[in-house]
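When you read off a place in the sequence shown, starting at 1, and then add 290, the result is the number in the working numbering. In this text, a Cβ means the ideal position worked out from N, Cα and C, and glycines have one as well.
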Amino acid sequence: MTTLADYLNQHATSPALNDVITTVTDVGKTISQLLRKGALADILAKPVTKTSKAKIRKKLDVLANDLLLDALAKNTHCAGVASEELDDATPANDDGSLLVLFDPLDGSSNIDINMAVGTIFFYLPYDRQGQTSENSDYLQAGNKQLAAGYLLYGTSTVLALTIADKVVMFSLDPETSDYVLIEDNVQIDADTSEYAINSSNYRYWRAPMQQYIDELIAGETGVRGRDFNTRWVAAMVGDVHRILCRGGLFTYPFDTKYAHKAGKLRLMYEANPMSLLIERAGGGATDAVNRILDIEPTDIHQRVPVVLGSKNEVDYVKDLHVNYSEK
291 MTTLADYLNQ HATSPALNDV ITTVTDVGKT ISQLLRKGAL ADILAKPVTK
341 TSKAKIRKKL DVLANDLLLD ALAKNTHCAG VASEELDDAT PANDDGSLLV
391 LFDPLDGSSN IDINMAVGTI FFYLPYDRQG QTSENSDYLQ AGNKQLAAGY
441 LLYGTSTVLA LTIADKVVMF SLDPETSDYV LIEDNVQIDA DTSEYAINSS
491 NYRYWRAPMQ QYIDELIAGE TGVRGRDFNT RWVAAMVGDV HRILCRGGLF
541 TYPFDTKYAH KAGKLRLMYE ANPMSLLIER AGGGATDAVN RILDIEPTDI
591 HQRVPVVLGS KNEVDYVKDL HVNYSEK
């Protein structure tokens, strides 16, 4: 049996990275316990406030965010923290060498109905030791990530993590409170017949995405020559986990409903860490034209369109968009 501690000692690139990964995953144990208690822990309250980014924050959103902030502030290796829940990054320890970014509770609208939610996180280098970290320090492309992962809270709590050139998975043992290795080299099939998309936005999509979904719906009677199934968890962490386990495609494309936002998902808290996991498991990740991990961010809350999953299917979507733009 290999625990997370064993794995980090064998594979992590530095003691500092080991330590901050452990800090986040330890907080994940607390969040997991709270979710298991559900209404008994008084966490299923109505929305308590709104950020200036207009996202409704639920009670456990706030609690998970605060638990992570407090724990990371005490970690001497952490120079600063950026959260999807907060407008600005929070400085931590000026002498730290790492920046930590996270979405404390992805899919929080699923809490009240007992469906999948999770914590998404990743780490960036910090090279201004001795100075207080600022928002601009976080504006690094996704290819600069040192490690990334998520915790999925469901029938069991699962940790997916990449710190080198592959993706591994652990399951939280409720008896020992250890994360135990269950998959040491996650690989995504290049082909798939499953896709995840919020089809209610169809009328707002660009023509290439409408064409793509029309082809999938046509199935074996259309140009693709085979049937496809739709799967939609309404939480990116759940949809990505399914793809890592059995392949598939997930997309939240550009739409004109809120055109000024470019996309729904945030580059820094969702798209970048998930893209790193998907690529290292053999899949692909794009904004429909460009590789997500090569996008140079301009704001810590920047939004982007996302298409990720089984590589051949991602490439097919990209080709539709590139060919359409060249017409």
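{"query": "Below 6 Å CB to CB, which residues in the same chain sit around Leu294 once its five sequence neighbours on both sides are set aside?", "result": "Phe460, Tyr469"}
{"query": "Are the beta-carbon atoms of Gly370 and Asp427 separated by less than 8 Å?", "result": "yes"}
{"query": "Taking only runs that begin and end inside the segment 512-586, name each unbroken beta strand (DSSP E) of 3 or more residues, in chain order.", "result": "539-542, 574-576"}
{"query": "Going by DSSP in three states, Thr312 sits in which element: helix, strand or coil?", "result": "helix"}
{"query": "Following the continuous alpha helix (DSSP H) through Tyr502, name the residue where it begins and the one where it ends.", "result": "497-508"}
{"query": "I'd like to know whether the C-beta of Phe460 is nearer than 8 Å to at least one C-beta of chain B.", "result": "You won't find chain B in this structure, because it holds only one protein chain."}
{"query": "Between which two residues does the alpha helix (DSSP H) holding Asp356 run?", "result": "349-363"}
{"query": "Rounding to the nearest angstrom, what Cα-Cα distance links Asn355 and Ser373 in this structure?", "result": "7 Å"}
{"query": "In three-state DSSP terms, what is Ile401?", "result": "helix"}
{"query": "On the DSSP letters alone, give me the boundaries of the beta strand (DSSP E) that Tyr440 sits inside.", "result": "437-443"}
{"query": "Take the Cβ of Asn308 as the centre, count every other Cβ of all protein chains shown within 10 Å, and call the residue buried at 16 or more, exposed below.", "result": "buried"}
{"query": "At the level of alpha carbons, what is the spacing between Ser490 and Leu449?", "result": "31 Å"}
{"query": "Would you decide whether Val513 is buried or exposed? Buried here means 16 or more other CB atoms lie within 10 Å of its CB.", "result": "exposed"}
{"query": "Under 8 Å by Cβ, that's how I've got Leu388 and Tyr413 pegged, so tell me the actual separation to the nearest angstrom.", "result": "5 Å"}
{"query": "If contacts are defined as beta-carbon pairs under 8 Å, then Trp568 and Ala561 qualify, I think. What distance do you get, rounded to the angstrom?", "result": "The sequence shown places Ile at residue 568, rather than the Trp named in the question. Actually they do not touch by this definition, with Cβ atoms about 10 Å apart."}
{"query": "For Ala295, which of helix, strand or coil comes out of DSSP?", "result": "helix"}
{"query": "What first and last residue would you give for the beta strand (DSSP E) that runs through Glu473?", "result": "469-473"}
{"query": "Among Leu610, Arg593, Gly573, which one has its Cα closest to the Cα of Arg496?", "result": "Leu610"}
{"query": "Work out the CA separation of His591 and Lys345 for me, nearest whole Å.", "result": "Caution is warranted here: a pLDDT of 47 is assigned to Lys345, below 50, making its placement in the model unreliable, and no coordinate value can be reported."}
{"query": "Expressed to the nearest angstrom, what Euclidean distance is found between the alpha-carbon atoms of Val596 and Leu557?", "result": "9 Å"}
{"query": "Count the other CB atoms within 10 Å of the CB of Met291; is the residue buried (16 or more) or exposed (fewer)?", "result": "exposed"}
{"query": "Flag this pair as touching only if the segment 533-546 and the segment 397-411 have three or more C-beta atom pairs under 8 Å; answer yes or no.", "result": "no"}
{"query": "Nearest-angstrom Cα distance between Ile478 and Gly599?", "result": "8 Å"}
{"query": "For Tyr492, which residues of its own chain have a beta-carbon under 8 Å away from its beta-carbon, when the five flanking residues on both sides are left out?", "result": "Gln500, Ile503"}
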